[in-house]
Amino acid sequence: MATKNILVTGGAGYIGSHTILQLLLAGFKAVVVDNLDNSSKVAIQRVKELAGEYRSNLSLHQVDLRDKPKLEQLFASIRFDAVIHFAGLKAVGESVHKPLLYYNNNLIGTITLLEVMAAHGCKKLVFSSSATVYGWPKEVPCTEKFPLAATNPYGRTKLFIEEICRDIFHSDSEWKIILLRYFNPVGAHPSGQIGEDPRGFPNNLMPFLQQVAVGRRPALTVFGNDYNTVDGTGVRDYLHVVDLADGHIAALSKLDETNIGCEVYNLGTGKGTSVLEMVSAFEKASGKKISLVMAGRRPGDAEILYASTEKAERELHWKARYGIDDMCRDQWNWARKNPYGYESQESAI
Ligand code: NAD
Ligand code: WQD
Numbered sequence: 001m002a003t004k005n006i007l008v009t010g011g012a013g014y015i016g017s018h019t020i021l022q023l024l025l026a027g028f029k030a031v032v033v034d035n036l037d038n039s040s041k042v043a044i045q046r047v048k049e050l051a052g053e054y055r056s057n058l059s060l061h062q063v064d065l066r067d068k069p070k071l072e073q074l075f076a077s078i079r080f081d082a083v084i085h086f087a088g089l090k091a092v093g094e095s096v097h098k099p100l101l102y103y104n105n106n107l108i109g110t111i112t113l114l115e116v117m118a119a120h121g122c123k124k125l126v127f128s129s130s131a132t133v134y135g136w137p138k139e140v141p142c143t144e145k146f147p148l149a150a151t152n153p154y155g156r157t158k159l160f161i162e163e164i165c166r167d168i169f170h171s172d173s174e175w176k177i178i179l180l181r182y183f184n185p186v187g188a189h190p191s192g193q194i195g196e197d198p199r200g201f202p203n204n205l206m207p208f209l210q211q212v213a214v215g216r217r218p219a220l221t222v223f224g225n226d227y228n229t230v231d232g233t234g235v236r237d238y239l240h241v242v243d244l245a246d247g248h249i250a251a252l253s254k255l256d257e258t259n260i261g262c263e264v265y266n267l268g269t270g271k272g273t274s275v276l277e278m279v280s281a282f283e284k285a286s287g288k289k290i291s292l293v294m295a296g297r298r299p300g301d302a303e304i305l306y307a308s309t310e311k312a313e314r315e316l317h318w319k320a321r322y323g324i325d326d327m328c329r330d331q332w333n334w335a336r337k338n339p340y341g342y343e344s345q346e347s348a349i
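What follows is the structure, given as C-alpha cells:
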C-alpha cells in the first residue's frame, strides 16, 4: 500500500510535534504547515532525530494558514490523504482581551483550509476541538451528548468550527470529519526531547509547575481552594500527550471506514485529579518542593471536569495508557533537560 500523506497544520506545536512523531513511526508521511508563531523549528529537528529511519518522511512549510495562495500551491504539489488541523491560538485569557485576533486566526485559518481542501478534493479532516466546549457542565463525566456552551472567545472559535464542520458535511456527504475534544494534555515524550514550550507567561498548570521546579518562577499560584472537591482545588482530566497523539492515529483509521459523517469524540482518561494531587505527584517525580500561594478562583474556571471516554474506546478503539505519575515523570524529564524549552538551541540556528 502506498504511504499516506498527512497534512498537519500546527505540527510544530506541543500536541502537533508529538503527533507527527507517532505518525512517522506508524509509517505515514507528514507535511507540516506552521507559521511558527507559538513554536520552534527545533521541535521539528528533534522529531526527525527521534524518527530515525523515517526522518525523511517529514517536511515543514513555514506558512500561515490564512495565506491561501501558498496553501493552494502546497495542495497543487502534494496529494493529501487527510488533514489533521491543530493550528490555532489557544490562550483563553488572551482571547478575552484580543477576541478579533482569535476570530481572525482560528476562524479564517480554518475556513481557508477547508476551502482549499474542498477545491482539491481532500475531504478527510481530524480537528482539535476542546473540552472547553462543555462550558461548566452540570454533571461529570462529560459525554459527547452534553449541551455545548463556550464561555470565552477561544472556546467560541472551537464551537463555531465544530458547527462549520457539521454544516459542510450536511452540504456535501463526501466529507469525513472527526472532531476530537481534548481534555487536559500534559507531559512530554519519554525521551525528554520534545515537550511543551509556551512563549511568555504560562497559562496552564503543568507548564507553570515545571517552571517553578526549574527555578524560573518562585511559586505556583493555586486558583481557588474552596471548591466542592476532594481538597477544595479544581479537578481536571489530565491526559498524557503521547496518548493524545495516538488518538489521532486512531482517528485517521476511523476516517478510512465508510459513512463516518462528522463525528465527535472526547479524548481524556475519564479520571479527575485535583490541583493539589497534581502538585504532589509532580513533587514526587521531580524530588523538588513546589512553593504554593493560595489565591482566589480564576474567573471562568469550572469546578470539576472530566471525560466520559466510552465512545472513543468503543468506536476508535483508543484508550489512554498513561497515568498521572507517568505524565509527571515525563514532564519533569523534559523540564530538567530543557529548562528554557527549545530557546537555547533556537538561538544557535
Ligand atoms: P500550540 O500553540 O503548541 O500549537 C499550535 C500551533 O499552531 C503552533 O505551532 C502555532 O505556531 C501554529 N499556528 C497558530 N496559528 C497558525 C496559523 N494561522 N497558521 C499556521 N500555523 C499556526 O498548541 P497545542 O497545545 O499544540 O494545541 C494544538 C491544538 O489543540 C490547538 O488548536 C488548540 O486549541 C487545541 N487544544 C489544545 C489543548 C491544550 O491544552 N494544549 C486542549 C484542547 C485543545
Ligand atoms: C487546570 C487547573 C486551574 C494554573 C485550559 C483551557 C481549555 C483547554 C485546556 C485548550 C484549574 C488550576 C492553573 C495555575 C492553578 N485548552 N491552575 N494555577 O483551565 O482546565 O483548561 O487548558 O482548549 O480550554 O481552558 O487548564 O491547566 O489552565 O488549569 O491553580 O497557575 O489548574 O484553576 O483548576 P484548564 P489549566
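The numbers in the UniProt record's numbering rise by one with no breaks, and the one at position 226 of the sequence shown is 226.
We put the beta carbon where it would ideally sit given N, CA and C, even for glycine.
Cβ separation of residue i and residue j, assumed to be a contact under 8 Å, to the nearest whole Å
i      : j      : result
Ala320 : His240 : 7 Å
Gly272 : Asp237 : 6 Å
Arg297 : Phe223 : 6 Å
Cys165 : Phe208 : Incorrect: roughly 32 Å between the Cβ atoms, too far for contact.
Leu316 : Gly247 : 7 Å
Asn5   : Ile108 : Not quite, the Cβ-Cβ distance comes to about 25 Å (not below 8 Å), so this is no contact.
Ala150 : Lys158 : 7 Å
Pairwise C-alpha distance: residue j and residue i
i      : j      : result
Ala245 : Leu23  : 8 Å
Ser129 : Lys288 : 34 Å
Phe86  : Phe183 : 15 Å
Leu255 : Phe28  : 15 Å
Pro218 : Gly195 : 22 Å
Met117 : Lys176 : 12 Å
Arg216 : Arg336 : 12 Å
Thr192 : Ser173 : Here residue 192 is Gly; the residue named in the question, Thr, does not match the sequence. Gly192 and Ser173: Cα-Cα distance of roughly 42 Å.
Tyr342 : Ser171 : 43 Å
Gly261 : Ser40  : 35 Å
Gly300 : Thr3   : 44 Å
Ile290 : Leu220 : 7 Å
His61  : Pro153 : 28 Å
Val32  : Cys142 : 32 Å
For residue i, three-class secondary structure by DSSP
i      : result
Ser291 : coil
Tyr227 : coil
Ser95  : helix
Tyr54  : helix
Phe169 : helix
Glu263 : strand
Ile78  : coil
His85  : strand
Residue i - partner residues in DSSP beta bridges
i      : result
Pro185 : Leu239
Gln22  : Per DSSP, none; premise fails for Gln22.
Asn5   : Lys29
Leu179 : Phe127 and Val264
Val222 : Met294
Glu193 : With the sequence shown as reference, residue 193 is identified as Gln, and Glu is not the correct amino acid for it. None, per the DSSP bridge assignment.
Ser274 : Val235
Asp34  : Gln62
Cys142 : Ala307
Neighbour-count burial assignment, residue i, 16 or more Cβ in a 10 Å radius
i      : result
Thr258 : exposed
Gly121 : exposed
Ala51  : buried
Tyr14  : buried
Gly268 : buried
Ser253 : exposed
Met278 : buried
Lys123 : buried
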